[in-house]
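Enquirer: First residue of the sequence shown? That's 196 in our numbering, and the numbers climb one at a time after it.
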Amino acid sequence: MNIIQIISIYTISGLTRGAALYGVSTIIIEMTKQSSVYPYETPKTVITLMSTGCLIGSIIGSAVGPQIIFKLGRIRSLRFMSLLILLVNILMFPSIHWVYFFVLRIISGISSVFLVTIVPQICIQQVEPKHRGIIGSLTNLNMWTGKFIGDIIQYLVCQDAHLYPVTQVFATVMSVAMVIMSYTIKEQTQQHSSQTAPQKENVWQTKYQTCFAVAISVGMCLGSTGFTPILQYSTLIFKSSFDSPKSGAIGAIITSGITTVSCFLALPVVRKFPRKILFLVGQILMMLCCLAMIIILYLNLSKKTSDNIILALTVIYIVAYSFSTGTLFFVLMGEIFPLHVKPFFVNLTMGTNMLSILIVTFIFPLMKQQQNYIIYFVWTGLVLILINAFVPESFNKTSEMINEKMMRRRNVLKTELVEMAKV
196 MNIIQIISIY
206 TISGLTRGAA
216 LYGVSTIIIE
226 MTKQSSVYPY
236 ETPKTVITLM
246 STGCLIGSII
256 GSAVGPQIIF
266 KLGRIRSLRF
276 MSLLILLVNI
286 LMFPSIHWVY
296 FFVLRIISGI
306 SSVFLVTIVP
316 QICIQQVEPK
326 HRGIIGSLTN
336 LNMWTGKFIG
346 DIIQYLVCQD
356 AHLYPVTQVF
366 ATVMSVAMVI
376 MSYTIKEQTQ
386 QHSSQTAPQK
396 ENVWQTKYQT
406 CFAVAISVGM
416 CLGSTGFTPI
426 LQYSTLIFKS
436 SFDSPKSGAI
446 GAIITSGITT
456 VSCFLALPVV
466 RKFPRKILFL
476 VGQILMMLCC
486 LAMIIILYLN
496 LSKKTSDNII
506 LALTVIYIVA
516 YSFSTGTLFF
526 VLMGEIFPLH
536 VKPFFVNLTM
546 GTNMLSILIV
556 TFIFPLMKQQ
566 QNYIIYFVWT
576 GLVLILINAF
586 VPESFNKTSE
596 MINEKMMRRR
606 NVLKTELVEM
616 AKV
């Protein structure tokens, strides 16, 4: 597989996943188009409930993913899921009932999560170590590009709810492109051992204990920092900062646009700096933003002043996330696990991520804002400790070097635990 093919498949898969994600808000728009209430003014609990479909589907997809990949192989699994997401996008055109949409969102989550777990397994091992950071980062960049385009379309739908099918046209076009791409790579990649069905191995062996720790740590790092609800509900804050009935929709465009630009600017940074340094800088900056938000909320400033400051801090938070956690998540998924057990641990990483997002998304509307930010501050610090303790540095290292370092880390931790037990 040449570099053009690799970039193309990352671009199309990322855009397809992004198009699948943004459908939540368009469904809300479609369901409320007869109402005088703007969709971005829908109560937070309603948005939360409507958001769970894709997350639940993603968790299910992560759970069944290894079995499907071991059975069909990576390429055939990718083709099957590409066809499934195309079918789902077609079925979402008619407006029937919210339960109908909810079921389709679950199926969409199952199929689209495969795009961001299989593609790194197929592509990232076929490029030189110095290029892996950029290649892996393309998934995150293109996911947000897809959401950014979707948010622009949603803004148009806010003005005329009858434009709802336009949102699904974009998603369907991207899924058609994904199906075509999944078929074109078969003949050109089947000679690589990484594309054949991997041999199933017992992942519960003691030698893979570190892989479990790494998968859970990386998954928690992306999912439980509070980024998703902070970004999702920051659109509501725009209503206080800007006097416009469409301020929420405009806010969604601004936040997803900032994230997209930040992900693009992160590409050369990921190529030049070690992974752990980027994690450290990004996580600390995110913690500082949460701490500042906590202080602002406890100062009892006027609502407009408080919302404006929190909005500015949210933008900084988004940039920090995009330069570190969001981008490195997809890079590490493709780099750090042994090839023959990669399907299991990549899906465990994604499943942990989605479960964490589901939990924090439900927590956000049930608690006061300052309580949420306290939780995210503490949790981000905990995850930072786990990352430094378990995740090996993979910058400019071959797979063999990374796996050897993981084994050494396991032996060191085992020795330390034995010594602690003796004491």
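Beta carbons are placed, not taken as given, at the ideal position from N, Cα and C, and that holds for glycine.
Express the C-alpha separation of residue 480 and residue 566 in angstroms, rounding to a whole number.
Expert: As a first step, residue 566 must be located in the sequence shown, where it is residue number 371. As a first step, residue 480 must be located in the sequence shown, where it is residue number 285. In a straight line, the C-alpha of residue 566 is about 19 angstroms away from that of residue 480.
Enquirer: Taking 7 angstroms as the cut-off, decide whether the C-beta atoms of residue 272 and residue 343 are in contact.
Expert: Along the sequence shown, one-based indexing puts residue 272 at 77. Along the sequence shown, one-based indexing puts residue 343 at 148. No, they are not a contact pair.
Enquirer: What does the Cβ neighbour count give for residue 619, buried or exposed, with the cut at 16 atoms within 10 Å?
Expert: Because the chain spans 196 through 618 in this model, residue 619 falls outside it and cannot be assessed.
Enquirer: Spatial neighbours of residue 517 within its chain, please: CB distance less than 7 angstroms, with the 5 preceding and 5 following residues excluded, ordered by chain position.
Expert: For this step, residue 517 is matched to residue 322 along the sequence shown. Cβ within range, chain order: 454, 457, 458, 461.
Enquirer: State buried or exposed for residue 399, treating a residue as buried only when at least 16 other CB atoms are found within 10 Å of its CB.
Expert: Translated into the one-based positions of the sequence shown, residue 399 becomes position 204. Exposed: under 16 other Cβ atoms inside 10 Å.
Enquirer: Out of 256, 378, 473, state which residue places its alpha-carbon closest to the alpha-carbon of residue 416.
Expert: Here residue 416 corresponds to residue number 221 of the sequence shown, with the count starting at 1. Ranking the options by Cα distance to residue 416, first place goes to 473.
Enquirer: Out of curiosity, what's the CA-to-CA distance linking residue 371 and residue 307?
Expert: As a working mapping, residue 371 is identified with position 176 in the sequence shown. As a working mapping, residue 307 is identified with position 112 in the sequence shown. In a straight line, the C-alpha of residue 371 is about 13 angstroms away from that of residue 307.
Enquirer: Assign residue 338 to one of three DSSP states: helix, strand, or coil.
Expert: The residue given as residue 338 occupies position 143 in the sequence shown. In the structure shown, residue 338 sits in a helix (DSSP, three-state: H, G or I).
Enquirer: Keeping to the same chain, check which residues put their C-beta closer than 7 angstroms to that of residue 337; ignore five residues upstream and five downstream.
Expert: Here residue 337 refers to the residue found at position 142 of the sequence shown. Excluding positions up to five away in sequence, the list reads 205, 206, 209, 210, 213.
Enquirer: What separation, rounded to the nearest whole angstrom, lies between the Cα atoms of residue 201 and residue 296?
Expert: To locate residue 201, count along the sequence shown from 1; it is residue 6. To locate residue 296, count along the sequence shown from 1; it is residue 101. Computed Cα separation, rounded: 33 angstroms.
Enquirer: Could you give the distance in angstroms between the alpha-carbon of residue 261 and the alpha-carbon of residue 525?
Expert: Position 66 of the sequence shown, counted from the start, is the residue given in the question as residue 261. Position 330 of the sequence shown, counted from the start, is the residue given in the question as residue 525. Cα to Cα, residue 261 sits roughly 17 angstroms from residue 525.
Enquirer: What is the residue span of the alpha helix (DSSP H) that residue 471 lies within?
Expert: Numbered from its first residue, the sequence shown carries residue 471 at position 276. Its alpha helix (DSSP H) spans residues 470–493.
Enquirer: Taking 8 angstroms as the threshold, find out whether the region 534–545 comes into contact with the region 299–316 through three or more Cβ pairs.
Expert: Yes, they touch.
Enquirer: So residue 374 and residue 277 are in contact, right, with Cβ under 8 angstroms, and what is the actual spacing, rounded?
Expert: In the sequence shown, residue 374 corresponds to position 179, counting from 1. In the sequence shown, residue 277 corresponds to position 82, counting from 1. Between residue 277 and residue 374 the Cβ distance is about 5 angstroms, and since that is below 8 angstroms, they are a contact.
Enquirer: For a test of your reading of the model: does the CB of residue 305 fall under 6 angstroms from any non-hydrogen atom of the ligand MN? Yes or no.
Expert: Only the bare structure without any ligand can be found here, which leaves the ligand MN out of the picture.
Enquirer: Does the region 250–266 come close enough to the region 543–558 to have 3 or more Cβ pairs within less than 8 angstroms?
Expert: Touching, yes.
Enquirer: For residue 413 versus residue 527, is the C-beta spacing smaller than 7 angstroms?
Expert: Numbered from its first residue, the sequence shown carries residue 413 at position 218. Numbered from its first residue, the sequence shown carries residue 527 at position 332. Result yes, Cβ atoms of residue 413 and residue 527 sit closer than 7 angstroms.
Enquirer: Determine the direct distance from the alpha carbon of residue 345 to that of residue 364, and round the result to whole angstroms.
Expert: As a working note, residue 364 is residue 169 in the sequence shown. As a working note, residue 345 is residue 150 in the sequence shown. Taking the straight line from one Cα to the other gives about 11 angstroms.
Enquirer: May I ask you to report which of helix, strand or coil DSSP gives residue 496?
Expert: Numbered from its first residue, the sequence shown carries residue 496 at position 301. Of the three classes helix, strand and coil, the one that applies to residue 496 here is coil, per DSSP.
Enquirer: State yes or no: is the C-beta of residue 489 within less than 7 angstroms of the C-beta of residue 570?
Expert: The count along the sequence shown starts at 1 and reaches residue 489 at position 294. The count along the sequence shown starts at 1 and reaches residue 570 at position 375. Going by C-beta atoms, residue 489 is not nearer than 7 angstroms to residue 570.
Enquirer: According to DSSP, is residue 691 helix, strand or coil?
Expert: There is no way to answer for residue 691, as the model of the chain reaches only from 196 to 618.
Enquirer: Between which residues of its own chain and residue 540 is the CB-CB distance below 7 angstroms, once the five residues before and five after are set aside?
Expert: Position 345 of the sequence shown holds residue 540. Within the same chain, residue 540 has close Cβ partners 406, 410, 532.
Enquirer: Quick one: what's got a C-beta closer than 6 angstroms to residue 408's C-beta in the same chain, skipping five residues either side?
Expert: The sequence position of residue 408 within the sequence shown is 213, counting from 1. So the list reads 585, once near-sequence residues are dropped.
Enquirer: Rounded to a whole number of angstroms, what is the C-alpha to C-alpha distance between residue 162 and residue 542?
Expert: Because residue 162 is not part of the residues shown, which for the chain are 196 to 618, the question remains open.
Enquirer: Using the rule of at least 16 other Cβ atoms within 10 Å of the residue's Cβ for burial, across every protein chain shown, is residue 351 buried or exposed?
Expert: Residue 351 sits at position 156 when you count from the first residue of the sequence shown. Answer is exposed; the Cβ neighbour count stays below 16.
Enquirer: Quick one: residues in its chain with C-beta nearer than 6 angstroms to the C-beta of residue 578, no 5 flanking neighbours on either side, listed in chain order?
Expert: Taking the sequence shown and counting its residues from 1, one reaches residue 578 at position 383. Excluding residues within five positions, the ones whose Cβ falls inside 6 angstroms are 415, 416.
Enquirer: Of the residues 203, 591, 259, which one's Cα is nearest the Cα of residue 471?
Expert: The count along the sequence shown starts at 1 and reaches residue 471 at position 276. For residue 471, the nearest C-alpha among the options comes from 591.
Enquirer: Determine the DSSP secondary structure at residue 591, reduced to helix, strand or coil.
Expert: For the purposes of this step, residue 591 is taken as the residue at position 396 of the sequence shown. Residue 591 falls in the coil class under three-state DSSP.
Enquirer: Does DSSP classify residue 399 as helix, strand or coil?
Expert: In the sequence shown, the residue the question calls residue 399 occupies position 204. Here residue 399 sits in coil by DSSP.
Enquirer: Can you have a look at residue 379 and say buried or exposed, based on whether 16 or more other CB atoms are within 10 angstroms of its CB?
Expert: Here residue 379 refers to the residue found at position 184 when the sequence shown is read from its first residue. Flag for residue 379 reads exposed.
Enquirer: When you compare each of 332, 249, 269 to residue 521 by their alpha carbons, which one comes out closest?
Expert: Against the sequence shown, residue 521 aligns to sequence position 326. Checked all of 332, 249, 269; the closest Cα to residue 521 is 332.
Enquirer: CA-CA distance, residue 403 and residue 546?
Expert: Numbered from 1 along the sequence shown, position 208 holds the residue referred to as residue 403. Numbered from 1 along the sequence shown, position 351 holds the residue referred to as residue 546. Cα-Cα distance, rounded: 18 angstroms.
Enquirer: Measure the Cβ-Cβ separation of residue 281 and residue 299 and say whether it is below 7 angstroms.
Expert: Numbered from 1 along the sequence shown, position 86 holds the residue referred to as residue 281. Numbered from 1 along the sequence shown, position 104 holds the residue referred to as residue 299. In this structure, residue 299 does not lie closer than 7 angstroms to residue 281 by Cβ.
Enquirer: Taking the continuous alpha helix (DSSP H) assigned at residue 272, which residues delimit it?
Expert: Position 77 of the sequence shown, counted from the first residue, corresponds to residue 272. That run of the alpha helix (DSSP H) goes 269–286.
Enquirer: Suppose you measure from the CA of residue 447 to the CA of residue 529; what does that come to, to the nearest Å?
Expert: As a working mapping, residue 447 is identified with position 252 in the sequence shown. As a working mapping, residue 529 is identified with position 334 in the sequence shown. If you take the alpha carbons of residue 447 and residue 529, they lie about 30 angstroms apart.
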